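Novice:
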Amino acid sequence: MRTFKANLSSVVLLMTMFVWAAPSKGATEIPIDGMALYQTHCAACHEGKVPRAPHLITFSMIGAEAILSAMNEGVMRSQASVLSVSERAALADFLAGEAGEMPKPVLACTEPMTALAENDNAAMKGWGGDDQNYRHASDELVGLNSDNIAQLSLKWVFAYPGALRARSQPLVHDGIIFVGSQSGDIYALDLESGCAHWTYSAGAEVRSSLSLGYIPGRPDPVLYMGDFSATVHAVDAADGSLVWRAPVGDHVDTTITGSPKLHDGVLYVPLSSSEWATAADPGYACCTFQGGVVAVDAASGELRWRSHVIDAPAVETGKTNPFGAPRKGPAGAPVWNSPSIDAKRGVLYVGTGEAYTSPAANTSDAVLAFSLETGQRQWARQLLAGDAWNMACFIGEAANCPEEDGPDLDIGAATILWSGADRDYLLVGQKSGDVYALDPDNGGAVLWHNKLGRGGFTGGVHWGMTANSESLFVPIADTTVIGKFKGEQFPGVHALNPASGERKWYTPSEDDCEGKPKPACDRGMSAAATSTDGLVFAGSFDGNLNVYDSVTGEVLWNFDTFGEFESVSGDTALGGSIESDGPVLYKGHVLVNSGYQFGGRMPGNALMVFSLPPADSLAKGQNSE
Ligand code: HEC
């Protein structure tokens with residue numbers, strides 16, 4: 029498959045053009061005045077006042093369907109709750125304008141999928157790659173190293189239809205890629221050609237990585253995933269048919285962002301919520317979400333246990349906000365990272381986010397250990413006290429903004445249970461830019477601490493660190509986009525000694541935003557990183573995927589994923605920011621998602637697959653001089 033890179037300026041133009049053309053057209057055609065609805069219900073936040081809210085320009089690229097789904101079951105549910113069905117439809121059409129061309133259908137495979145091998149020891153398991161979340165792949169199985177990495181080249185690009193962000197980390201098993209999407213469709217793609225063997229519709233956005241396991245008595249492997257409406261799905265990997273489906277939320281705003289972890293027949297599912305956004309509604313009785321983790325039987329979907337981050341359910345405080353809505357609490361502390369599993373001690377570990385109400389619960393911005401068996405909390409180690417924040421803090425009439433007003437420095441990255449020569453270390457990265465090693469044998473006592481970056485809403489450490497047997501590799505974002513955080517910035521990749529926290533090297537990321545939209549473009553590195561023994565793979569907001577030498581930090585290979593690419597279906601795939609999920613390595617291949625319309629980043633819908641040249645072409649000497 030030949031791919032091309034379009035003139036970058038045309039993409040930038042595309043991103044800045046639609047604004048004015050789209051609205052007037054929609055407004056004249058639709059009897060309900062979309063512009064008026066937008067001005068009354070949306071513009072206050074979306075016209076630049078709330079830094080994370082997409083601007084009008086982005087709406088034209090999101091498409092009516094995604095806008096509607098944000099209002100119906102997504103993060104804007106509360107903001108749109110006063111609108112009727114036809115008003116929502118009119119508003120979505122108005123905002124989308126004409127820009128949303130119908131995407132081409134995915135390329136269907138012509139050959140049936142061969143039976144999936146039971147064991148594929150080259151496959152990285154889910155988000156963390158293994159139980160401990162090393163996000164590591166062995167040199168031997170992956171076959172990528174400093175000698176051959178220069179030969180890595182783009183093999184094909186898949187365009188997620190109707191998506192403007194790509195953040196479900198792919199899982200590869202026996203030559204098939206399984207991946208979720210913004211539209212809620214799960215695809216089984218052939219690693220060689222990018223054709224789709226089957227599609228399963230989850231019904232709501234799938235942000236998490238898939239996991240693969242077996243149910244006794246079933247010959248084919250089963251895939252597990254969580255969606256935006258907090259439903260867990262188990263799907264037959266051979267044909268995409270539903271095995272079971274289980275709603276796991278106990279709050280109307282519950283969502284699944286972090287990837288469920290499959291271990292020993294049980295799926296451990298982290299629970300976060302969109303109540304942080306609902307809180308921006310001045311009439312909302314804020315807030316009641318309790319954060320948590322649930323354990324679900326992987327064979328049946330039955331709930332084994334449910335544990336909360338904040339134990340006591342929220343109650344009315346007897347106070348009201350300035351708009352007369354009752355204040356409730358304590359609330360918040362979502363879990364949006366994939367648990368690490370400590371089979372030896374019988375526990376799992378998760379990091380928690382900020383509190384939504386004041387005073388902040390003492391389990392916010394903390395690391396918690398839960399019993400694998402019962403869900404009982406074994407210990408909690410709070411790393412930042414008094415951090416209460418929600419979306420109301422972004423806007424003027426901040427009815428539900430807690431008095432602390434942030435700083436919103438979650439522990440969003442998955443914890444890594446790292447085993448050294450003589451002891452285990454629980455490695456933790458925070459949005460503040462702090463990295464910690466906690467003692468799993470001593471209630472999470474701090475063994476060492478090192479502050480690597482200035483921190484911010486998107487980190488410091490945002491989505492994930494990676495480790496091999498020698499080093500911990502930490503991507504730092506330190507973005508400029510929200511000005512509240514002060515101090516020197518250290519974006520790039522940092523390598524630490526996991527036993528002492530001492531820094532081994534730091535390779536700053538270089539600015540590559542020329543010709544790309546700012547401030548969406550930024551050199552910060554927020555997406556999760558991945559490592560082998562000799563290499564580190566990490567992407568940045570500006571779309572660059574870098575490969576570093578794990579010992580020296582030297583950049584050995586680089587690819588800019590920003591811009592237009594021809595997809596396997598003949599469609600245009602748009603690359604943008606690399607954010608959230610990280611590179612996946614599999615037998616001479618590197619997979620990365622590009623494009624992230626969320627949090628003000630560069631949109632896109634590309635899954636890019638890179639590979640080494642086939643072994644036979646090397647054998648024929650095509651690549652030797
Ligand atoms: C109180 C502020 C506020 C109001 C009012 C508001 N929004 Fe938003 N909206 C946001 C923020 C902030 C985000 C981005 C969320 C994030 O990045 O986490 C967002 C995101 C979105 C998105 C993208 C959702 C996604 O999943 O990517 C859409 C679509 C959207 N808003 C539509 C609307 C519409 C339509 C209205 C009016 C009915 C509206 N918003 C009113 C603050 C607001």
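Numbering of the sequence shown is given in the working numbering, commencing with residue 29 and proceeding in unit increments.
Positions of the beta carbon are idealized from the N, C-alpha and C atoms, including for glycine.
Remember, predicted model here, so these are calculated numbers, not experimental data.
1) Mapping DSSP to helix, strand and coil, what is V78?
2) Over what stretch of residues does the alpha helix (DSSP H) that includes V170 continue unbroken?
3) Closer than 6 Å: is that where the CB of H69 sits relative to any heavy atom of the ligand HEC?
4) Quick check: the stretch 151-160 against the stretch 367-378, are at least 3 beta-carbon pairs closer than 8 Å?
5) Could you give the DSSP three-state label for Q67: helix, strand or coil?
6) How is Q210 classed by DSSP in three states: helix, strand or coil?
7) Who are the near neighbours of Y312 in its chain, counting only those whose CB is closer than 7 Å to its CB and skipping five residues on each side?
8) Closest to G277 by CA distance: which of S386, G319, L613, V134 is it?
9) Where F87 and G571 are concerned, what is the direct C-alpha to C-alpha distance, given to the nearest angstrom?
10) Exposed or buried, A323, counting other C-beta atoms within 10 Å across all chains shown (16 or more means buried)?
11) Would you kindly report the start and end of the unbroken alpha helix (DSSP H) that includes R116?
12) In chain order, what are the residue ranges of uninterrupted beta strand (DSSP E) at least 3 long that sit wholly in the stretch 376-449?
13) In three-state DSSP terms, what is G472?
14) Which of the three DSSP states, helix, strand or coil, is assigned to E93?
15) Rounded C-beta distance between A416 and A383? I'm assuming under 8 Å.
16) Quick one: complete beta strand (DSSP E) runs, 3+ long, within the stretch 520-588?
17) Leaving aside the five residues before and after W333 along the sequence, list all residues of the same chain whose C-beta is less than 8 Å from its C-beta, in chain order.
18) Heavy atom of the ligand HEC less than 6 Å from the Cβ of G627, yes or no?
19) Please state the DSSP three-state secondary structure of A323.
20) How long is the line joining the alpha carbons of V110 and G520, rounded to whole angstroms?
21) Cα-Cα, which of W155, M553, S174, Y377 is closest to D469?
22) The beta strand (DSSP E) that contains E344, what's its start and end?
23) Just verifying my parser: in three-state terms, what is the DSSP assignment at W177?
24) Examine the ligand GTP and report whether any of its heavy atoms sits within less than 6 Å of the Cβ of A383.
25) Go through its chain and collect everything with a Cβ distance to R373's Cβ below 7 Å, but skip five positions before and after it.
26) Determine the extent of the beta strand (DSSP E) in which A305 is found, giving its start and end residues.
27) Where does T285 fall in DSSP's three states?
28) Please check the pair R273 and G329, which I expect to be a contact at CB under 8 Å, by giving their CB distance rounded to whole angstroms.
29) List the endpoints of the continuous beta strand (DSSP E) containing W364.
30) Would you be able to state if there are at least three C-beta pairs under 8 Å between the stretch 347-366 and the stretch 279-293?
31) Please report the distance separating the alpha-carbon of E75 from that of Y66.
32) Can you tell me whether N100 is helix, strand or coil according to DSSP?
33) Label L270 either buried or exposed according to how many other C-beta atoms from any shown protein chain fall within 10 Å of its C-beta, with 16 as the threshold for buried.
34) In this structure, how does DSSP classify T86 when only helix, strand and coil are distinguished?
35) By DSSP, does V637 sit in helix, in strand, or in coil?
36) Quick one: is the Cβ of M89 within less than 6 Å of any heavy atom of the ligand HEC?
Specialist: On the basis of the supplied data:
1) coil
2) 167-170
3) yes
4) yes
5) helix
6) coil
7) S106, T306, A353, N428
8) G319
9) 21 Å
10) buried
11) 113-124
12) 394-399, 405-410, 444-447
13) coil
14) helix
15) 4 Å
16) 520-524, 531-536, 563-567, 572-577, 583-588
17) V322, A323, T402, G403
18) yes
19) strand
20) 44 Å
21) Y377
22) 343-348
23) As written in the sequence, residue 177 is Ile, which differs from the Trp given in the question. Note: I177 maps to helix in three-state DSSP.
24) This structure simply doesn't include the ligand GTP; it includes the ligand HEC instead.
25) P468
26) No beta strand (DSSP E) contains A305, which is instead part of the alpha helix (DSSP H) from 303-306.
27) coil
28) 7 Å
29) Careful: W364 lies outside any beta strand (DSSP E) and carries neither H nor E.
30) yes
31) 10 Å
32) helix
33) exposed
34) helix
35) strand
36) no
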